[in-house]
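Everything below concerns the one structure shown next.
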Amino acid sequence: MEFTHIDEKGRPTMVDVGDKQTTTRVAVARATLDLPPEVAERLVEGDITTAKGSVFSTAILAGIQAAKKTPQLIPLCHVVPLDDVSVEVTPGEDGRELVVICRAKAEHKTGVEMEALTGATVAALTIYDMTKALSRDVVVREIRLMEKSGGKNDFRRED
């Protein structure tokens, strides 16, 4: 297997997707945060409210906006016209964990994994930003691609 974003001279290059077929591309990414007790105890009715407002609503909007701006943040990403982006923030069963899920969808020649990963990441960072006044011990523990479909290397992670 070779790197796809490096040309024969070792320089960075954008992958040519001109000959690919347009298909429905879907990707789902997950970010997980660990909450210290002083933040977890503020979790009421499925959200945390701070002086800055609703943490989850702000994180959802930030995640959607970030997914739309992925090509401006990651240099070799194609500009993909997204048909749909959704972000969900769900408290874990023990109340000490938050799970952010970002789903991106497009009819295009290339996948939307980076958009989903960027959306989940920025939503998680927004939660950190909005809760840091309560505690600096919030941890963004994991960011990972959970699923992708519509291309030649589809997969779904079960964990």
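Whatever position you read off the sequence shown (first residue = 1), add 8 for the working numbering. Ideal Cβ positions, reconstructed from N, Cα and C, are used throughout, including at glycine. Since we're looking at a predicted model, the values are computed, not measured.
Do the segment 53–71 and the segment 93–100 make contact, defined as three or more Cβ pairs closer than 8 Å?
yes
Beta-carbon proximity list for cysteine 110, same chain, < 6 Å, skipping 5 on both sides:
Ala37, Gly71, Val95, Ala124, Gly127, Ala128
If you draw a straight line from the C-alpha of aspartate 24 to the C-alpha of glycine 159, how long is it?
15 Å
For leucine 41 and alanine 67, the rounded distance between their alpha carbons
13 Å
To the nearest angstrom, how far is it from the Cα of valine 108 to the Cα of glutamate 16?
39 Å
Residue nearest to methionine 138 in terms of C-alpha spacing, selected from Glu49, Lys156, Arg152, Ala59:
Ala59
Just the C-alpha distance for arginine 104 and glutamate 49, rounded to the nearest angstrom, thanks.
Arginine 104 and glutamate 49: Cα-Cα distance of roughly 9 Å.
By DSSP, does isoleucine 109 sit in helix, in strand, or in coil?
strand
Pair within 9 Å by beta-carbon distance, glutamate 155 and arginine 149
no
Out of Val146, Ile14, Leu81, point me to the one whose CA is closest to leucine 133's CA.
Val146
Which residue marks the beginning of the alpha helix (DSSP H) containing methionine 22, and which one marks its end?
Unbroken run through methionine 22: none, as it is neither H nor E.
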